[in-house]
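Chemist: Take a look at the following structure, please.
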Amino acid sequence: MPYSQIALEELKESFKADINSNRAYFKIQTFKDLMKILEKRDVLNMECLNPLQKIESVLRFYFSDDSQDLQLKSPASDFQDLVLNSPVSPLNRNPLSDDNEDDDSRILCNPKVKKRVYELIGTEIGRKWRDFGRELNLRESALEELEEKYKTIKDRTYAILLFHEKNCDERYWKSELLDGLDHARRQDLRIKAQKIFDMHNT
């Protein structure tokens, strides 16, 4: 699933109460659609910058190689330039769904195999999720942001996996993933993940 879709879905959920209409919610398929409905509901305006700060935080996470480097100098112009011209296709509500076979990831891996591995790690990584994130090159500040943003370890771990998928050299995606588990002292998970890959000759 493209990161633009994941980011848009997260923003839609974040503003669901403000949208206050299931019909309008499900009609939002692009960032421009979201902006229009937020402006219509008077949620997005120059007198209240909190929504823009929330949006900026999500965009930094998904679209910046280094979240500290991305600054929106003018919320009214730079933000619109960044997102309004980024149309996305209709969203799959669950990025790990079995129906999500049109995986736009650059990683050469069967989507169902990748899904099984991600679910395994997200479910069983436990308190080692931070160590795993460090091994996959996330900074401490990024890990702290994940802890604040996501209530469950599984959600934090999935975000780590997406970060790795986006930023790694695709040739070493699997080996770095497995090594990350190993170095995070979860050799048991490395073995389980390797077995899943081996079963499918991935």
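Numbered by UniProt numbering, the letters in the sequence shown go through residues 1 to 202 in order. The beta-carbon is built from N, C-alpha and C at its ideal position, and this holds for glycine as well.
1. Could you say which of S4, R41, D131 and K32 lies nearest to D18 if we only look at CA atoms?
2. Whether or not the stretch 178–198 and the stretch 140–150 are in contact is what I'm after, with contact meaning three or more pairs of Cβ atoms, one per stretch, closer than 8 Å; do they touch?
3. Considering only the beta carbon of each residue, do I121 and I153 sit closer than 8 Å?
4. Just to confirm the assignment, what range does the alpha helix (DSSP H) spanning Y158 have?
5. Out of R23, L8, H200 and S4, which has the shortest C-alpha to C-alpha gap to V113?
6. D182 by DSSP, collapsed to three states: which one?
7. Verify whether the separation of the beta carbon atoms of L44 and P51 is less than 8 Å.
8. Among F15, L108 and E148, which one has its Cα closest to the Cα of K166?
9. At which residues does the alpha helix (DSSP H) containing S141 begin and terminate?
10. Determine the direct distance from the alpha carbon of L11 to that of Y118, and round the result to whole angstroms.
11. Should E135 go down as buried or exposed, given a rule of 16 or more other Cβ atoms within 10 Å for buried?
Modeler: Taking the coordinates as given:
1. For the purposes of this step, residue 18 is identified with residue 18 of the sequence shown, where counting begins at 1. Residue nearest to D18 within the set S4, R41, D131 and K32 is R41 (criterion: CA-CA distance).
2. No, the stretch 140–150 does not touch the stretch 178–198.
3. Here the question's residue 121 lines up with position 121 in the sequence shown. Here the question's residue 153 lines up with position 153 in the sequence shown. Result no, Cβ atoms of I121 and I153 do not sit closer than 8 Å.
4. By 1-based counting over the sequence shown, the position of residue 158 is 158. I153 to N167 is the extent of the alpha helix (DSSP H) around Y158.
5. By 1-based counting over the sequence shown, the position of residue 113 is 113. Of the listed residues, the one whose Cα sits closest to V113 is H200.
6. The residue you call residue 182 lines up with position 182 of the sequence shown. Helix at D182.
7. As a working note, residue 44 is residue 44 in the sequence shown. As a working note, residue 51 is residue 51 in the sequence shown. Taking 8 Å as the cut-off, the beta carbon of L44 is found closer than this to the beta carbon of P51.
8. If you number the sequence shown from 1, residue 166 lands on position 166. Residue nearest to K166 within the set F15, L108 and E148 is L108 (criterion: CA-CA distance).
9. Looking up residue 141 in the sequence shown gives position 141. Counting along the chain, the unbroken alpha helix (DSSP H) around S141 starts and ends at E140 to K149.
10. Mapped onto the sequence shown, residue 118 falls at position 118. Mapped onto the sequence shown, residue 11 falls at position 11. Taking the Cα positions, Y118 is about 23 Å away from L11.
11. Taking the first residue of the sequence shown as 1, we reach residue 135 at position 135. Its Cβ being crowded by 16 or more others within 10 Å, E135 is buried.
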